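Participant:
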Amino acid sequence: MVDEPSFEDEERPEGDKLPDEIPDEALPDLGGMPEREARSDGTAEVKEVKVVGVYEHQDAATAQPAAFVLLRDNQGRSVLIWIGRPEAFAISVALEGATADRPMTHDLMKNLVIKLGGDIERIVIDDLWHDTYYAKIHIAMNGNVVEIDSRPSDAIALGLRAKAPIYMAETVLEQAAVYEE
Numbered sequence: 010m011v012d013e014p015s016f017e018d019e020e021r022p023e024g025d026k027l028p029d030e031i032p033d034e035a036l037p038d039l040g041g042m043p044e045r046e047a048r049s050d051g052t053a054e055v056k057e058v059k060v061v062g063v064y065e066h067q068d069a070a071t072a073q074p075a076a077f078v079l080l081r082d083n084q085g086r087s088v089l090i091w092i093g094r095p096e097a098f099a100i101s102v103a104l105e106g107a108t109a110d111r112p113m114t115h116d117l118m119k120n121l122v123i124k125l126g127g128d129i130e131r132i133v134i135d136d137l138w139h140d141t142y143y144a145k146i147h148i149a150m151n152g153n154v155v156e157i158d159s160r161p162s163d164a165i166a167l168g169l170r171a172k173a174p175i176y177m178a179e180t181v182l183e184q185a186a187v188y189e190e
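Residue numbering for the sequence shown is 10 to 190, as defined by the working numbering.
(1) Ordered along the chain, which non-local residues of its own chain (more than five positions away) have a Cβ less than 8 Å from that of K145?
(2) Quick one: Cα of I100 to Cα of A109, how far?
(3) Which same chain residues, not among the five before or five after H147, have their C-beta less than 7 Å away from its C-beta?
(4) Just to confirm before moving on: does the CB-CB distance between V166 and E96 stay below 8 Å?
(5) For V11, which residues in the same chain have their Cβ closer than 8 Å to its Cβ, ignoring the five residues on either side in sequence?
(6) Using C-beta distances below 7 Å, list every residue in its chain close to K56, excluding the 5 sequence neighbours before and after it, in chain order.
(7) Short of 8 Å in beta carbon distance, which residues of its chain neighbour V60, apart from the five on each side in sequence? Order them along the chain.
(8) If we count the other Cβ atoms within 10 Å of its Cβ and call it buried at 16 or more, is P14 buried or exposed?
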């Protein structure tokens, strides 16, 4: 008989990381964004955030460019999440409203959900643990809502394509956000 592994003390898998600091030039003005609140599961308060953009930062230690996505709520709180270059490209393409000749991975995911009768209802960045962000994709299907665990970068790229609102848990905003000066 094989013993079941215990994951209680194990570190969570790698996801999108918390930044060390936000460069001042990465904080453009969003203008007036209406206040929207929702509850991710009926208990946790979430606030809508907008994707300000995707940026590159030259890492002085490695001399390699690193990508991050910048999110902001209507209270001027900004959150920067380090992401992979492919995800940065996928988010940038969606922000620009561009399309590729053939479906990219996030386009494929959106098409699969829709063809299977689902609707990408919203994206919720719901946790921050050991400097790593976690997200869920909420898919409405057959009268139910299914939550799919995701890296925030993939969830954002998918949400932008589906024109779904993106939310962040208030607890995550309280931990990670900085206010624009």
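Using N, Cα and C, we set each Cβ at its ideal position, and we do this for glycine too. Note that the structure is predicted; figures quoted are calculated from it, not measured.
Facilitator: With the given structure in hand:
(1) Locating residue 145 in the sequence shown gives position 136, counting from the first residue. Counting only Cβ-Cβ distances below 8 Å, and skipping sequence neighbours, we find S49, I132, V133, D135, E156, I157, D158, S159, A164.
(2) Residue numbering aside, residue 100 sits at position 91 when the sequence shown is read from its first letter. Residue numbering aside, residue 109 sits at position 100 when the sequence shown is read from its first letter. I100 and A109: Cα-Cα distance of roughly 13 Å.
(3) For this step, residue 147 is matched to residue 138 along the sequence shown. Around H147: E130, R131, V133, V154, E156.
(4) Mapped onto the sequence shown, residue 166 falls at position 157. Mapped onto the sequence shown, residue 96 falls at position 87. According to the sequence provided, residue 166 is Ala. The question's Val does not apply to it. Yes, Cβ-Cβ distance for A166 and E96 is below 8 Å.
(5) As a first step, residue 11 is located in the sequence shown; it is residue number 2 there, counting from the start. Model confidence at V11 stands at a pLDDT of 39, short of 50, so the residue's coordinates are unreliable; what they give is reported in the following sentence. For V11, where only same-chain residues beyond five positions count, there are no Cβ hits under 8 Å.
(6) The residue labelled residue 56 in the question sits at position 47 within the sequence shown. Same-chain partners within the cutoff: E46, D82, Y176, M177, E179, L182.
(7) Sequence index remark: in the sequence shown, residue 60 carries index 51 (1-based). Correct list, in chain order: V78, L79, L80, I100, L104, I165, L169, I175.
(8) As a first step, residue 14 must be located in the sequence shown, where it is residue number 5. Any answer about P14 is weak, because its pLDDT of 38 lies below 50 and its placement is not dependable; what the coordinates show is given next. Classification for P14: exposed.
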